[in-house]
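Taking it in order: structure first as structure tokens, then the write-up.
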Amino acid sequence: MATKKNTAIAVPAPSENTQTSTVLFHHARRYTAGAILTLFALLLLLVYLSPFGYMGVTALKSNEQIISGSLLPASPQQFEYQGELYDVVNVPTENGIQQWALVEPGRTTSQFIDPANPSAGLIEWEGRWRGLERVSSLDLQWNNFAIAFERVKFPRMLFNTAAIAVIGVVGTLISCTLVAYGFARFPIPGKNVLFIILISTIILPRQVTLVPTYAFFAALGWTGTWLPLLIPHFFANAYNVFLLRQYFMTLPRELDEAAMIDGANPFQILLRVIIPQAYPVLVAVGLFHFVFAWNDYFEPLLYLINAPELQPISVGIQQFNDLYTREPALLQATSIMALVPPVILFLLSQKVFMRGVVVTGVDK
Amino acid sequence: MTATAKSNDLRVGNTSTTKNYDLRRRRILWGWLFLSPWIVGFFLFYFIPMISSLVFSFTNFDLSRPNEIEFVGLRNWGSLFADPNVGASLLNTLKYGLVALPLSVIIPILIATLLNDKRLWGKQLVRTLFYLPFMVPTVASAFIWAGYLNPETGWLNRFFSTIGITLPNWMYDPQAIYFGLFFISLWGIGNSILIMIAGMQTVPSELYEAARVDGAPPLTIFRRITLPMISPVIFYNVVLTTIALFRFFDAPFMLKGSTGNPAGSTLFYNIYVYRVAFPQQSMGYGSTLAWLLFVIALIVTIAIFLVARRFVYYANEEN
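Structure (structure tokens):
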């Protein structure tokens, strides 16, 4: 009855108001609400992301600073006087606390030098020097990033990781979309049982399937190559098939049927009707797989242990977590660098989520 | 008008199409064709390892003596009853899971609602920031959390002690460690949030418009429109979170390895499976333990599927 077309309609336009004052009032209200919501989200994020602060701070520490357990990457301050280095300490005097370098410690009196005015010469101070607190100043080890970049052969590993992730995303998207469409739309006998079998593949703990899986890939001669990390993803997995099926099932069927009447076969319907409606979830699935592959550590380690030139960054990071030489700062520095590509990808992908892909009903 | 009219249309459409027998047979064939990648993949990559591990459960397979495998009949399965760690680790898993499951489902819905609000500024950035922790490699987050939750030098306890609140020792208190583990899991909800946002994007905007015209308050709109419309993805999250909780491993392993410390509180079932299969190298009994978990989790999963039939709303279903 209405004239609505069966095409994608973006976020609805704000309701039309006739009077300017009400428009202004609505704008002001909307603005305030937006500000409050955003402030609330930022507060949540402050708490939620606080461990990142710890991560960033750790990445900027030296090994000594990590062992000392200081909150910030700070090092004790020193002052060079006549070719020698002396510790700077807080000295209580009648003019308040002074930051002086301890040159000559003594039992009852000690000699200090004022770094701000070294030409004044040594200052004598009465008191126990052992009780004096050393002055620390911020000492950020930006160099950690350069060292980590060098040690993990970052460009090479970045390329490996990106290649494994992108190929896997392609395989996952194609295979899972096909399978999910099959589950969502076709009257296959025993479909529910098949679906439970699909889900059951992610229930059994990996610990006990590991050995036979490894033996299988070894028998195929795939160890030492990327194949075990890529090929299985071209055959669908329960996580993404389930998600896509759930999403496809919420899509109205009228459009399928309209296309069917127009003579489209099921494959064409998938391409022209289902997929255009499912961009947000397809992007979500692509992102999941990308992030999964980006961080998957265990399988690449298992299959690429003797092929270091093929390893992804997740395995590279592990060299800073050696049993005997742990280097948390380099580990975190590498992790932060490795975060950059997925973060950029995520930011870009959000465009799809912003559009509000919503298909409304057909002609009524 | 819109919602009811739509579902009526559908029912008519469905019956008229499925009546056609020949068409139905062709559709079944197409269905098998679409399923075929998974069916091939299942037999290639899942079936063999699964059956192998089932076979292991009837053997004395020891990783240190892989050449001396012998069938021992039901001995491993009998051992389950005499093993106190089975009950204890199942109980830990249930105790943690019953609290973590509802929270892990509800919190992403709430955050997704916030992140999907049209009035929110800088949505792209805010969403990315919420997703960010999910992208941190596990090795890195293990370090971050062990440091962050440290009772003396960790940021959390330090911050609260400056405002005069003493927080528990997350790492060594058998009760508090569950909260610590939950904080770590919360750090990985970026995925669930994203799924919820994607789900909210499918809700036809005309439904919201209609509700607004009727003057429905926001909470009613959320309860009557948003929740039912995204129930398929909520259901997805419930199933996957349940399975993940049965297999709970990464967070406790990060903090405590397979020791189960403090006081056996982190001896979750899957941690125990790992301990038996690897440090103790008893793959035969480890597989038995894993298959017990498989049976329990599968029954629970099927139960969730059956219950969900009454609560999950699909725009249409082919019968």
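Heads up: the sequence lines are chains G and F, in that order.
Going by my numbering, the first residue of the first sequence is number 1, and it counts up by one from there.
Going by my numbering, the first residue of the second sequence is number 1, and it counts up by one from there.
All C-beta atoms, glycine included, are put in the ideal place defined by N, C-alpha and C.
All values derive from a computational prediction rather than experimental measurement.
For residue i, three-class secondary structure by DSSP
i	result
methionine 1 (chain G)	Only weak support is given to the placement of methionine 1 (chain G): the predicted model assigns it a pLDDT of 38, under 50, and the value that follows is read from those uncertain coordinates. Coil, per DSSP.
glutamine 141 (chain G)	coil
isoleucine 174 (chain G)	helix
asparagine 191 (chain F)	helix
arginine 119 (chain F)	coil
isoleucine 203 (chain G)	coil
leucine 102 (chain G)	strand
arginine 367 (chain G)	As shown, chain G starts at 1 and ends at 364. That puts residue 367 (chain G) outside it, with no answer to give.
tyrosine 172 (chain F)	coil
leucine 293 (chain F)	helix
tyrosine 81 (chain G)	strand
tryptophan 38 (chain F)	helix
asparagine 67 (chain F)	coil
valine 99 (chain F)	helix
leucine 153 (chain F)	The sequence given here places threonine at residue 153 (chain F); leucine does not occur at that position. If DSSP states are grouped into helix, strand and coil, threonine 153 (chain F) belongs with coil.
arginine 134 (chain G)	strand
proline 92 (chain G)	strand
threonine 20 (chain G)	helix
tyrosine 314 (chain F)	coil
glutamine 277 (chain G)	helix
aspartate 22 (chain F)	helix
tryptophan 145 (chain F)	helix
is_contact[residue i, chain G] using C-beta, thresh 8 Å
i	result
leucine 94 (chain F)	no
glutamine 124 (chain F)	yes
leucine 132 (chain F)	yes
arginine 75 (chain F)	no
tryptophan 38 (chain F)	yes
phenylalanine 143 (chain F)	yes
arginine 11 (chain F)	The predicted position of arginine 11 (chain F) is uncertain, since its pLDDT is 45 and thus under 50; a value taken from the coordinates is nonetheless stated next. No, arginine 11 (chain F) does not count as interfacial toward chain G.
leucine 101 (chain F)	no
serine 287 (chain F)	yes
leucine 176 (chain F)	Per the sequence shown, the amino acid found at residue 176 (chain F) is alanine instead of leucine. Taking Cβ atoms only, chain G never reaches closer than 8 Å to alanine 176 (chain F), which makes this a no.
methionine 254 (chain F)	no
aspartate 127 (chain F)	According to the sequence provided, residue 127 (chain F) is arginine. The question's aspartate does not apply to it. It does; some Cβ of chain G falls within 8 Å.
tyrosine 172 (chain F)	no
alanine 140 (chain F)	yes
Neighbour flag for residue i against chain F, beta carbons, 8 Å
i	result
threonine 360 (chain G)	Low confidence applies here, because threonine 360 (chain G) scores a pLDDT of 40, under 50, leaving its location unreliable; read the following figure in that light. Chain F contact via Cβ: present.
proline 73 (chain G)	no
leucine 271 (chain G)	no
leucine 347 (chain G)	yes
tyrosine 324 (chain G)	no
phenylalanine 186 (chain G)	yes
proline 205 (chain G)	yes
glutamine 65 (chain G)	no
tyrosine 303 (chain G)	no
isoleucine 113 (chain G)	no
isoleucine 202 (chain G)	yes
Top-ranked residue by Cα proximity to residue i, from the options
i	options	result
alanine 116 (chain G)	G:Pro341, G:Gly131, G:Arg107, G:Val88	G:Val88
asparagine 95 (chain G)	G:Trp125, G:Ile147, G:Gly106	G:Trp125
phenylalanine 235 (chain G)	G:Gly171, G:Val208, G:Pro228, G:Trp222	G:Gly171
lysine 118 (chain F)	F:Tyr208, F:Ala176, F:Gly147, F:Ser258	F:Tyr208
leucine 194 (chain F)	F:Arg127, F:Ser258, F:Ser141	F:Arg127
methionine 157 (chain G)	G:Thr334, G:Gln350, G:Ile344	G:Thr334
threonine 213 (chain G)	F:Ile39, F:Phe43, F:Asp22	F:Phe43
proline 252 (chain F)	F:Ala176, F:Gln280, F:Ser52	F:Ala176
valine 179 (chain G)	G:Arg245, G:Ser119, G:Asp114	G:Arg245
tyrosine 303 (chain G)	G:Thr109, G:Trp222, G:Leu71, G:Gln277	G:Trp222
tyrosine 96 (chain F)	F:Ala277, F:Thr220, F:Asn261, F:Phe248	F:Phe248
phenylalanine 311 (chain F)	F:Ile69, F:Ile230, F:Leu63, F:Gly31	F:Ile230
glycine 131 (chain G)	G:Arg107, G:Leu138, G:Pro205, G:Ala33	G:Arg107
valine 239 (chain F)	F:Val213, F:Leu298, F:Ala210, F:Trp291	F:Leu298
alanine 290 (chain F)	F:Phe268, F:Leu181, F:Ala211	F:Phe268
tyrosine 274 (chain F)	G:Ile313, G:Leu210, G:Ile317	G:Leu210
Segments assigned alpha helix (DSSP H), at least 4 residues, entirely inside the region 230-274 of chain G | Qualifying alpha helix (DSSP H) stretches, in chain order: 238-250, 254-261, 266-269.
What are the residues of the region 108-122 of chain F that lie near chain G, defined by any Cβ-Cβ distance shorter than 9 Å?
-> Listed by position along the chain: Ile111, Leu114, Leu115, Asn116, Asp117, Lys118, Arg119, Leu120, Trp121, Gly122.
Against chain F: residues of the region 138-165 of chain G by CB proximity under 8 Å | none
What residues from the region 305-332 of chain G come within 7 Å of chain F, judged by C-beta to C-beta, listed N to C?
-> Ser314, Ile317, Gln318, Asn321, Pro328, Leu331, Gln332
Which full runs of the alpha helix (DSSP H) of 4+ residues lie inside the region 27-74 of chain G, going along the chain?
-> 50-59, 63-68
Interface residues of the region 288-299 of chain G facing chain F [CB-CB below 8 Å] | Phe288, Val291, Trp294, Asn295, Tyr297
Quick one: which residues of the region 62-74 of chain F get their C-beta closer than 7 Å to a C-beta of chain G? List them in chain order.
-> Against chain G - using a Cβ distance shorter than 7 Å - the region 62-74 of chain F contributes no residues.
Just by C-beta distance, which residues in the region 46-59 of chain F are closer than 8 Å to chain G?
-> The residues in question are Tyr46, Ile48, Pro49, Met50, Ser52, Ser53, Phe56.
Please list the residues of the region 190-201 of chain G that have a C-beta atom closer than 9 Å to any C-beta atom in chain F, keeping them in chain order.
-> Lys191, Asn192, Leu194, Phe195, Ile196, Ile197, Leu198, Ile199, Ser200, Thr201
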